[in-house]
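Student:
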Amino acid sequence: MHRELYGREAVLDPRGLAARLVGLGAYGQGRVPFEHGDDPPVTVFTGGRGMGKTVLLKEVRNRYRGFTPLALLDCSAVEEPADHGAGWSPVTGALAELAVQLGLRGDAVRPVPFPRLSLGLVAVTSVGWTRDDDERARRDLLRLGPLLATVDAGRAAAASWVGKVLAKLAGTAAEAGAPFAGLIAEATVETVVEEFFSRFRKAPEDWFGGYRNAGGRGRAGLQQLAVDFAQGGPRREEAESFLALTLTEDLLRAYTGRHLGSRVGRPLLLLDNAHEPVGRALVEPILRARSTGRRDHTVVLAASRPREDEALRHATRLRLPETAHQAPCPRTGRVGSGLLAVDLTPLTPTQTRAAFDRHDPEGRAPAALSRAVHRLTGGRPLGVDLLARAAGETPPAARAALTPGDLLDLAVELREDAAPVPVAPALLTALLPVPRPGPYAVLAAAHDEESARRLAQARLPADSLDGDVALRVRDRLRAEHWPEQPGHFVGDPLLRALLLHRLRFEDGDHPGYSAWRAVHETLRRHYGPQPGPYRLHHDLALGETAEAVAHLRLTFPGPDVLGWLGVLRFVAAAPYPRERGRTGPDPRRAIALGQEADPALPDGLGPDAAELHLSLRRLLHAAWLLTDPLTLPDEEVADRLAYELRRLSGRHLTGSGPLWDAAGHWPRDIRAWREPSLPPGREDGV
């Protein structure tokens, strides 16, 4: 799926961050002055799922591929070979993949050879080989063929070198009498050097003389490297760190010596999910070496989900728009000062509008739809893009009535060669990639750990056999770096809306909605028989409003008017029990505007109480409709909300001020796409 990028110009513009780090405009369009000289920072784009980190890295790749050496690696998806030997690890696999990509020839870039990394990986790959298992060694050696092809493609393709390596191994193993990582590595390296590296004036193995205990002797360093790798634990990590530096050393040699001036753009390492162990193992050695004064000419652009990662505690932090023209990253004595952490900001309402204009150029959708989608998604680029696509793929005649809730019910074509997929499940899968989202959907209705635990006990007994399912879900959400919000077990509004959508519409028993009903009835019982705010909240989620209106009427004369407004706001924030495919105006609208043919009244109400009851019923339905993130704004209902609050201010004996203020500020808050403020008029709300 191709995605148009919005709000990422700070990175991608002709003089944007990427160009200033690489020293080259996108698509090879001219040199750009290096902002950081010979000491570019490791730049880490931070943001949660759906914030566009992967798409941004892929777009950088698309713009620079063929014009400078580059490689893109997803550090969470390093593929483990089906039948690898003891000399493979996720880090060595990642290094081999990066080198192969960096070594490709492009339209305007010469291939980069990786002789040093080839030797290092040959040495560690030999770990565990024995004289009795030639086939094991043969498979491992052939797997290194693409890497060795960066040095001599013809010899690697011929593969006759494999037989020579095996012959030397047989003799070495016989002399040693038993497998020994260092001796096997020496024999393997000796043959590979003879076969591949004759054109190098100085043997690449000399680089390994800087490894521990090598004393400047390259072969000794390679032997020690293999021994350390075989040992595992901290020694293996040390060996892998040296191999990571070996990759950047080969890149440096490609840019110096006889190649000086023949390459324009610096090489690019693009590391997605760099917060994973593989990413840290690749980045940390580079940072440590640079902090000691080493300069390697490699531009590292990485993506990391956690913003508050421990590894970023000493990084220079900037928000994405702040990097458009310069991105200072002062170096101090700390290793982490070589990190530039760039927070990917949500799209603005204007950028969301641009996404809708692209997919609906005739403007058939409601004018407020893009802003309503921005409110629902919080500007999360993945959500904006998917919902804008859904609007654009809706038949033009049907677009005029679309709401955000309708968009979630639609299907969208993500690939030209595949059938359209439902929007809500596709977006939920992308934002929360878990094997079974059902328990998350159930617990999305909860307000805190206590109510989530009650739900789990009643509705998820099978999932509780392996421990407290509510705490497992909580920990997974934290591990995915989803924000927490008081009053909601699932804090992010978009994720919560998607999970509640699944709870209502994917239980397979429409129109009964039994799963939805069972969950909210469980929570209603949990909050007891008294009509408190939480119980009334779940009454509304079940479509029952009578008790909420009665409670608001009975408590209205009390002295705590701000508390009363808070109850109204909380109860009206209940998710609306929508029906899929329903057409026409929202049923809440007619009630809010007093257009019901014959509204029911409780028995025994006098004229004054009856008038108050109907006013509060209209007010509750107006607030419920206007604050629903799946609806569009309604000016007439907002005016009615203000009217009812003004009238109530004249009825209250002591608390007319807050009611009058709410009449002025709440419609203004709603028109500004904010939650009604409390106290009314306070910008940050309460």
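Residue numbers (the numbering used here): 65 to 750. Just so it is clear, CB atoms sit at the ideal spot from N, CA and C, and this is done for glycine as well.
(1) Quick one: what's got a C-beta closer than 8 Å to leucine 351's C-beta in the same chain, skipping five residues either side?
(2) Start and end of the beta strand (DSSP E) containing alanine 135?
(3) In the DSSP assignment, find the unbroken alpha helix (DSSP H) run with serine 720 in it and report its ends.
(4) Give the secondary structure of arginine 95 by DSSP, where H, G and I count as helix, E and B as strand, and everything else as coil.
(5) Since I believe glycine 116 is in contact with leucine 446 (beta carbons under 8 Å), could you give me their beta-carbon distance rounded to a whole number of angstroms?
(6) Can you give me the C-alpha to C-alpha distance between proline 499 and threonine 493, rounded to a whole angstrom?
(7) Are proline 731 and aspartate 703 close, meaning C-beta to C-beta below 9 Å?
(8) Tell me, which residues are paired with glycine 170 by DSSP?
(9) What residue range is occupied by the uninterrupted alpha helix (DSSP H) comprising serine 153?
(10) Please confirm if the stretch 132-144 is in contact with the stretch 329-345, defined as three or more CB-CB distances below 8 Å between the two stretches.
(11) Who pairs with aspartate 51 in a beta bridge, going by DSSP?
(12) Whose C-beta lies closer than 6 Å to the C-beta of glycine 658 among residues of the same chain, with five residues either side of it excluded?
(13) Tell me the residue span of the alpha helix (DSSP H) that contains serine 679.
(14) Identify which residue in Val256, Arg536, Ser713 has its Cα closest to the Cα of alanine 517.
(15) According to DSSP, is alanine 461 helix, strand or coil?
(16) Taking only the alpha-carbon atoms, compute the straight-line gap between glutamate 480 and arginine 444 and give it to the nearest angstrom.
(17) Which same chain residues end up closer than 6 Å to histidine 584 when comparing Cβ atoms and leaving out the 5 residues on each side of it in sequence?
(18) Sorted by chain position, which residues of the same chain lie with C-beta nearer than 7 Å to phenylalanine 634's C-beta, five sequence neighbours on each side aside?
(19) Do you know offhand how far glycine 325's Cα is from alanine 379's?
(20) According to DSSP, simplified to helix, strand and coil, what is valine 186?
(21) Taking the alpha-carbon of aspartate 204 as reference, which of Gly149, Glu250, Val229, Pro175 has the nearest alpha-carbon?
(22) Tell me which same chain residues have a C-beta within less than 7 Å of the C-beta of arginine 653, skipping the five on either side of it?
(23) Starting from aspartate 336, trace the beta strand (DSSP E) in both directions and tell me its first and last residue.
(24) Which residue from Glu660, Ala661, His677 puts its Cα closest to that of aspartate 667?
(25) Could you tell me the alpha carbon to alpha carbon distance between glycine 555 and aspartate 512, rounded to whole angstroms?
(26) Are leucine 563 and proline 501 touching if we call contact CB-CB under 9 Å?
(27) Can you tell me whether histidine 615 is buried or exposed, with buried defined as 16 or more other CB within 10 angstroms of its CB?
(28) Under 9 Å, do leucine 496 and glutamate 570 count as touching if we go by C-beta distance?
(29) Please report the distance separating the alpha-carbon of alanine 526 from that of alanine 505.
(30) Along the chain, where does the beta strand (DSSP E) containing leucine 365 start, and where does it finish?
(31) What would DSSP say about valine 142, mapped onto helix, strand or coil?
(32) DSSP has histidine 100 in a bridge; who is on the other side?
(33) So serine 182 and leucine 211 are supposed to be a Cβ contact under 8 Å. How far apart are they, rounded?
Tutor: In short, the structure shows the following:
(1) Taking the sequence shown and counting its residues from 1, one reaches residue 351 at position 287. The answer, listed in chain order, is Val106, Val399, Gly400, Gly402, Leu403.
(2) Here residue 135 is taken as the residue at index 71 of the sequence shown, counted from 1. Unbroken beta strand (DSSP E) run through alanine 135: 134-138.
(3) As a first step, residue 720 must be located in the sequence shown, where it is residue number 656. Its alpha helix (DSSP H) spans residues 720-735.
(4) As a first step, residue 95 is located in the sequence shown; it is residue number 31 there, counting from the start. Strand, per DSSP.
(5) Numbered from 1 along the sequence shown, position 382 holds the residue referred to as residue 446. Numbered from 1 along the sequence shown, position 52 holds the residue referred to as residue 116. Indeed, because the Cβ distance is near 7 Å, the residues count as touching under 8 Å.
(6) For the purposes of this step, residue 499 is taken as residue 435 along the sequence shown, with counting starting at 1. For the purposes of this step, residue 493 is taken as residue 429 along the sequence shown, with counting starting at 1. Each residue's Cα considered, the two are about 9 Å apart.
(7) By 1-based counting over the sequence shown, the position of residue 731 is 667. By 1-based counting over the sequence shown, the position of residue 703 is 639. Cβ atoms of proline 731 and aspartate 703: closer than 9 Å.
(8) Locating residue 170 in the sequence shown gives position 106, where the first residue counts as 1. Paired residue(s): Val173.
(9) The sequence position of residue 153 within the sequence shown is 89, counting from 1. That residue, serine 153, is in no alpha helix (DSSP H); it is neither H nor E in DSSP.
(10) yes
(11) It is not possible to answer for residue 51, since the shown part of the chain is limited to 65 through 750.
(12) As a first step, residue 658 is located in the sequence shown; it is residue number 594 there, counting from the start. Result list for glycine 658: Arg682, in chain order.
(13) Working through the sequence shown from its first residue, we reach residue 679 at position 615. Run containing serine 679: 671-690, per the alpha helix (DSSP H) assignment.
(14) If you number the sequence shown from 1, residue 517 lands on position 453. Sequence inspection shows arginine at residue 517; the alanine mentioned does not correspond to that position. Nearest option by C-alpha distance: Arg536.
(15) As a first step, residue 461 is located in the sequence shown; it is residue number 397 there, counting from the start. It is helical.
(16) Sequence index remark: in the sequence shown, residue 480 carries index 416 (1-based). Sequence index remark: in the sequence shown, residue 444 carries index 380 (1-based). Cα-Cα distance, rounded: 24 Å.
(17) Here residue 584 refers to the residue found at position 520 of the sequence shown. Excluding positions up to five away in sequence, the list reads His602, Ala605, Leu606.
(18) For the purposes of this step, residue 634 is identified with residue 570 of the sequence shown, where counting begins at 1. Cβ neighbours of phenylalanine 634 beyond the five flanking positions: Pro597, His601.
(19) In the sequence shown, the residue the question calls residue 325 occupies position 261. In the sequence shown, the residue the question calls residue 379 occupies position 315. Legend: pLDDT at glycine 325 = 49, less than 50; position of this residue unreliable, no value from coordinates given.
(20) Within the sequence shown, residue 186 is the residue found at index 122, counting from 1. Helix at valine 186.
(21) For the purposes of this step, residue 204 is taken as residue 140 along the sequence shown, with counting starting at 1. Checked all of Gly149, Glu250, Val229, Pro175; the closest Cα to aspartate 204 is Gly149.
(22) Translated into positions along the sequence shown, residue 653 becomes position 589. So the qualifying residues of the chain are Leu689, Asp698, Val701.
(23) As a first step, residue 336 must be located in the sequence shown, where it is residue number 272. Per DSSP, aspartate 336 belongs to the beta strand (DSSP E) from 332-336.
(24) For the purposes of this step, residue 667 is taken as residue 603 along the sequence shown, with counting starting at 1. Ranking Glu660, Ala661, His677 by Cα distance to aspartate 667 puts His677 first.
(25) As a working mapping, residue 555 is identified with position 491 in the sequence shown. As a working mapping, residue 512 is identified with position 448 in the sequence shown. C-alpha separation (whole angstroms): 10 Å.
(26) One-based indexing of the sequence shown puts residue 563 at position 499. One-based indexing of the sequence shown puts residue 501 at position 437. In this structure, proline 501 lies closer than 9 Å to leucine 563 by Cβ.
(27) For the purposes of this step, residue 615 is identified with residue 551 of the sequence shown, where counting begins at 1. Buried, because 16 or more other Cβ atoms sit within 10 Å of the Cβ of histidine 615.
(28) One-based indexing of the sequence shown puts residue 496 at position 432. One-based indexing of the sequence shown puts residue 570 at position 506. Their beta carbons are not under 9 Å apart, which means leucine 496 does not touch glutamate 570 by this criterion.
(29) Stepping through the sequence shown from its first residue, residue 526 is reached at position 462. Stepping through the sequence shown from its first residue, residue 505 is reached at position 441. If you take the alpha carbons of alanine 526 and alanine 505, they lie about 15 Å apart.
(30) Against the sequence shown, residue 365 aligns to sequence position 301. 363-368 is the extent of the beta strand (DSSP E) around leucine 365.
(31) The residue labelled residue 142 in the question sits at position 78 within the sequence shown. Three-state result, valine 142: coil.
(32) Along the sequence shown, read from residue 1 onward, the residue named residue 100 stands at position 36. According to DSSP, histidine 100 bridges with nothing at all.
(33) Taking the sequence shown and counting its residues from 1, one reaches residue 182 at position 118. Taking the sequence shown and counting its residues from 1, one reaches residue 211 at position 147. That belief holds up - the Cβ atoms of serine 182 and leucine 211 are roughly 5 Å apart, short of 8 Å.
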